[in-house]
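Engineer:
Numbering (this note's numbering), first residue to last: 750 to 1678.
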């Protein structure tokens, strides 16, 4: 791709642009250099090269862009680079001048002369730079002939004192010919820049959920985003349910992939067509198919050399998934039939069940026997945790089924698998196809369809709309499948909480009670789910004395339940009684079960309830890891409401740590758009995170305003609202609004009293201290006594900070320092930068410049007390010899999370290796934890 000198309009890329400006200005002075821009096709390399060309006014610019047609033309690019500088050839040494003149005449240098080409080009550029700086631009370096790449690499490594700047762009991360040249790797654009791109390109509205789908599909690649915006119709962009699934391939990208494919030899293309028809083939299987097709297996080598596929001992796969799609779409009917026929026969030889899918692809008429077999395989695939594979099998089974009833039932089953595989839009279309096939007398199946529609709506529609659909499903299922009816009502209650409307879960709870009373035989899972819903409803109606014991009693039975959705709901219930440890344990189990079942949407959903207690138990950094992983899964599986909730958790964690940039990254989408999408939970979490930034900086009025907004009906979440009351009391008192602070404290006190223990009781005492009701100091001391060790340490530190500030105002500076130092140490360990700054400022006001990082290291036994319960579990397993992967499996965590915790353990214990940890544990210091 070529680039001109017109000023480009670039969105984002500030750091990359600064680097280019520095390179251009350095060359303008006296120092030359080179820079290799790498990244995927369409990532923005050409735009940045164009930008650099615009910066280089007064430079002599020459270009030698790669062109596919000249990829095999020896020294073709060097020839194009030298020609504009030919007037300087007479000033070169005779040997250099001669070799370049012959090159311009089209003579291929002899092997003996090729070593002189690089020296001659270097001399020519040096001579040309004597009059003005020279900019050499080479876009698409991967298409430049090998000899020219060698020459450019030779020159780029030696440019230093000459006023020559070489800028090249390539898709290849490591181009061996230019090794040793500084590399600028271009990652995808951040979401905010992609949203700016959407706003600039599309004057018509792009629906909020559609934007999230496009952000995930583009992966930060501006070309893919532009292609999607130009390919999709206004109607499709206006409503997420109208988006095709899968999204169309970006036309330019598809043409490029197919051009690469079509340049390959015929036998190589046929093998790739087989791989596209059956992705993930094992090498041995492809070998058998190739032999049956009379193709030499080595014919695949050109595709591997070109970087189109990756080959391991167990699997052959496309480097880019869209290449397989492009090959299938570009093949004609005869080619596709050939591929399916070859694969069917090869699998038949080994009695492989995959034969059926390819035989089915060759049929256009119903076939009952094959349809039954495909259904059997689909059920097996689902049980084995492969819902995506089950979808393909079940949908094809439906296509081969002639009778309406069975065909409709199989389409509904395919839709359920599709939802579990993270394809909600495709699942919705399968349900649409099933609708006219399912009779009005099939209440159970119609109820199941309504349930699936409601769950899909909960993933990417407005939460109140999902609530209505789930109630409809429960009505249809109550008499036919009461267990699923209860599950629908639980999901409805959750939708009501998402929306921040406390009345909705109360209504759902009443209906759940009616369904339970009608059940002849109760199932433990249904009883757990319904009782949690009823207890939450009691709590929202102020009947806390009934709700708290009911929740505690029912959650004790959760071990009998193995439904990850219901366990996630139980985790939500545990948060209502301030049992963070139980909430984390239940959510962890839900994540594990969902992962085993291959149910990505449920796994991401459960990780919401894992990340929140992690924030308080293990710290905001651990919560950020969990939430970021869940955010990726939620985007991949099309759970747009879950995406917003996870962004809210990330904002809360960022607010606690004082990361205003991370908070700002999501603020518009989480807080600004929450009302339009009916998402009170996401809004509440985001507002709480923003309020933390204000509280830590002493912006009392701003913090109070955000926390008041958090508690409003339909803009917040009742659970988050009650937990945030102590923060509001602090903000309101400091802002001089004592009456509102007192009213807020009276709403928190009954909940804390009903809980009767733990951090709620401690924070209630803190509120009394801030309001100076009675003996202020005694209230602060009571708050510190009541606070459990290791539970919400950050709140303990905030209490210590407030107590220290109070003591300092009372001129008891020595006592204040003790409280402030302990608070500072906790804030430092959790990375709460702004809170640490506020604490250290107060310490300085006491005349103490003490730095907690420089404090004398306490004894190892004392330091071990700073470990969280999760970290103690990890220590014990590592000491027993478990690897990170084994620890992750035992504790239902990701290996990445285990690695994070180990780094924090090493830091807190002052050790540097697993061996040190094992010795510490063996000495008995940690064995009793």
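For each residue, glycine too, the CB sits at the ideal point set by N, CA and C.
1. Mind checking residue 831: buried by the 16 CB within 10 Å criterion, or exposed?
2. Would you report the Cα separation of residue 1146 and residue 1094, rounded to the nearest angstrom?
3. What would DSSP say about residue 1603, mapped onto helix, strand or coil?
4. Does the region 1140-1157 touch the region 1112-1120, meaning 3 or more C-beta pairs lie closer than 8 Å?
5. Spatial neighbours of residue 972 within its chain, please: CB distance less than 6 Å, with the 5 preceding and 5 following residues excluded, ordered by chain position.
6. Excluding the 5 residues flanking residue 1225 on each side, which residues of the same chain have their C-beta closer than 7 Å to its C-beta?
7. To which residues does DSSP link residue 812 through a beta bridge?
8. Name the DSSP bridge partner or partners of residue 700?
9. Could you tell me whether any Cβ in chain C is nearer than 8 Å to the Cβ of residue 1366?
10. With three or more C-beta pairs closer than 8 Å as the rule, is the region 866-885 touching the region 832-847?
11. Indicate the three-state DSSP secondary structure (helix, strand or coil) for residue 1592 in the structure shown.
12. Relative to the alpha-carbon of residue 953, which residue among 944, 986 and 1050 has its alpha-carbon at the smallest distance?
13. Nearest to residue 869 by alpha carbon, out of 1007, 827 and 1616?
14. Please confirm if the region 1426-1443 is in contact with the region 1472-1492, defined as three or more CB-CB distances below 8 Å between the two stretches.
15. Go through its chain and collect everything with a Cβ distance to residue 1105's Cβ below 7 Å, but skip five positions before and after it.
16. Counting beta carbon pairs with one atom in the region 847-859 and one in the region 776-788, are three or more of them shorter than 8 Å?
17. Tell me which same chain residues have a C-beta within less than 6 Å of the C-beta of residue 1274, skipping the five on either side of it?
18. Closest to residue 1334 by C-alpha separation, out of 1307, 1354 and 889, would be which residue?
19. With DSSP run on the structure shown, which of helix, strand or coil describes residue 784?
20. Quick check on residue 983: buried or exposed, where buried means 16 or more other Cβ atoms within 10 Å of its Cβ?
21. So for residue 934, helix, strand or coil by DSSP?
22. Ends of the alpha helix (DSSP H) at residue 778?
23. Looking only at its own chain, which residues have a Cβ that is under 7 Å from the Cβ of residue 1508, when we skip the five neighbours before and after it?
24. I'd like the list of long-range same chain contacts for residue 886, defined as Cβ closer than 6 Å, with 5 residues on each side in sequence excluded.
25. Would you mind sorting residue 1086 into buried or exposed? The rule is 16 or more other CB atoms within 10 Å of its CB.
26. Consult DSSP for residue 998 and reduce its assignment to one of helix, strand or coil.
27. Just to confirm my understanding: we take residue 997, look at its own chain, exclude 5 residues before and 5 after, and list those with CB closer than 6 Å. What are they?
28. With 16 as the cutoff for other CB atoms within 10 Å, does residue 1607 come out buried or exposed?
29. Would residue 1082 be called buried (16 or more neighbouring beta carbons within 10 Å of its own) or exposed?
30. Would a C-beta distance cut-off of 8 Å place residue 1171 and residue 1346 closer than the cut-off?
31. Are the CB atoms of residue 1573 and residue 1589 nearer to each other than 8 Å?
32. At what residues does the alpha helix (DSSP H) containing residue 857 begin and finish?
33. Please identify the residue among 1519, 1336 and 1584 whose C-alpha is closest to the C-alpha of residue 1552.
34. Is it a yes or a no for the region 1015-1032 touching the region 1063-1073, going by three-plus beta-carbon pairs under 8 Å?
35. Buried or exposed, going by whether 16 or more other CB atoms sit within 10 Å of the CB of residue 1568?
36. For residue 1609 and residue 1577, what's the separation of their Cα atoms in angstroms?
Structural biologist: Per the coordinate set shown:
1. Taking the chain shown and counting its residues from 1, the one referred to as residue 831 is at position 82. By the Cβ-count criterion, residue 831 is buried, with 16 or more other Cβ atoms from all chains shown falling within 10 Å of its own Cβ.
2. The sequence position of residue 1146 within the chain shown is 397, counting from 1. The sequence position of residue 1094 within the chain shown is 345, counting from 1. Between the C-alpha atoms of residue 1146 and residue 1094 there is a straight-line separation of about 20 Å.
3. Within the chain shown, the letter at position 854 stands for residue 1603. Low local confidence applies: a pLDDT of 47 at residue 1603 is under 50, so the model's placement there is unreliable, with the coordinate-based value given in what follows. Assignment of residue 1603 by DSSP, reduced to helix, strand and coil, places it in the helix class.
4. At 8 Å Cβ cutoff, the stretches touch.
5. As a working note, residue 972 is residue 223 in the chain shown. Sequence-distant Cβ neighbours of residue 972 in its own chain, meaning closer than 6 Å and more than five residues away, are 791.
6. If you number the chain shown from 1, residue 1225 lands on position 476. Excluding sequence neighbours, residue 1225 sits near 1192, 1195, 1196 and 1199.
7. Position 63 of the chain shown holds residue 812. Paired residue(s): 886.
8. Only positions 750 to 1678 of the chain appear in the structure, and residue 700 is not among them; the question remains open.
9. Annotation note: the requested chain C is absent from the structure, which comprises a single protein chain.
10. The region 832-847, when compared against the region 866-885, does touch it at the 8 Å Cβ threshold.
11. Within the chain shown, the letter at position 843 stands for residue 1592. DSSP, read as helix, strand or coil, puts residue 1592 in helix.
12. Along the chain shown, read from residue 1 onward, the residue named residue 953 stands at position 204. Minimum Cα distance to residue 953 is reached at 986.
13. Taking the first residue of the chain shown as position 1, residue 869 is located at position 120. Checked all of 1007, 827 and 1616; the closest Cα to residue 869 is 827.
14. Touching, yes, given that three or more Cβ pairs across the two stretches are closer than 8 Å.
15. Numbered from its first residue, the chain shown carries residue 1105 at position 356. So the list reads 1119, 1122, 1123 and 1126, once near-sequence residues are dropped.
16. No, because fewer than three Cβ pairs between the region 776-788 and the region 847-859 fall closer than 8 Å, the two stretches do not touch.
17. Here residue 1274 corresponds to residue number 525 of the chain shown, with the count starting at 1. Correct list, in chain order: 1310, 1312 and 1315.
18. Here residue 1334 corresponds to residue number 585 of the chain shown, with the count starting at 1. With respect to the C-alpha of residue 1334, the residue from 1307, 1354 and 889 having the closest C-alpha is 1307.
19. Counted from its first residue, the chain shown places residue 784 at position 35. Residue 784 falls in the strand class under three-state DSSP.
20. Within the chain shown, numbered from 1, the residue matching residue 983 stands at position 234. Counting every other CB atom within 10 Å of its CB across the protein chains shown gives residue 983 a total below 16, marking it as exposed.
21. Locating residue 934 in the chain shown gives position 185, where the first residue counts as 1. In the three-state reduction of the DSSP assignment, residue 934 falls in the strand class, which pools E and B.
22. On the chain shown, residue 778 is found 29 positions in, with the first residue counted as 1. Boundaries of the alpha helix (DSSP H) harbouring residue 778: 763-778, taken from the DSSP string.
23. Against the chain shown, residue 1508 aligns to sequence position 759. When the five nearest sequence neighbours on each side are left out, the beta carbons in the same chain lying within less than 7 Å of the beta carbon of residue 1508 are those of 1327, 1536, 1537, 1540, 1541 and 1544, in order along the chain.
24. In the chain shown, counting from the first residue as 1, residue 886 sits at position 137. So the list reads 798, 812 and 916, once near-sequence residues are dropped.
25. The residue you call residue 1086 lines up with position 337 of the chain shown. Residue 1086 comes out exposed.
26. Here the question's residue 998 lines up with position 249 in the chain shown. Under the three-state reduction of DSSP output, residue 998 falls in the coil class, being neither helix nor strand.
27. As a working note, residue 997 is residue 248 in the chain shown. If we look at residue 997 and ignore the five residues flanking it on each side, its Cβ neighbours are 980.
28. Along the chain shown, one-based indexing puts residue 1607 at 858. Because the pLDDT of residue 1607 is 46, which lies under 50, any placement of that residue in the model is unreliable, and the question is left without a value.
29. Start at 1 with the first residue of the chain shown, and residue 1082 comes out as number 333. Counting Cβ neighbours within 10 Å, residue 1082 comes out exposed, since fewer than 16 surround it.
30. For the purposes of this step, residue 1171 is taken as residue 422 along the chain shown, with counting starting at 1. For the purposes of this step, residue 1346 is taken as residue 597 along the chain shown, with counting starting at 1. No, these two residues do not count as a Cβ contact at 8 Å.
31. Along the chain shown, one-based indexing puts residue 1573 at 824. Along the chain shown, one-based indexing puts residue 1589 at 840. When the beta-carbon positions are compared, residue 1573 and residue 1589 come within less than 8 Å of each other.
32. Working through the chain shown from its first residue, we reach residue 857 at position 108. Per DSSP, residue 857 belongs to no alpha helix (DSSP H) and is neither H nor E.
33. Position 803 of the chain shown holds residue 1552. For the set 1519, 1336 and 1584, the Cα lying nearest the Cα of residue 1552 is the one of 1519.
34. Three or more pairs of CB atoms, one per stretch, sit closer than 8 Å, so the region 1015-1032 contacts the region 1063-1073.
35. By one-based count along the chain shown, residue 1568 stands at place 819. With at least 16 other beta carbons inside 10 angstroms of its own, residue 1568 counts as buried.
36. Counting from 1 along the chain shown, the entry for residue 1609 is found at position 860. Counting from 1 along the chain shown, the entry for residue 1577 is found at position 828. With a pLDDT of only 46 at residue 1609, under the threshold of 50, the placement of this residue in the model should not be trusted, and no figure is reported.
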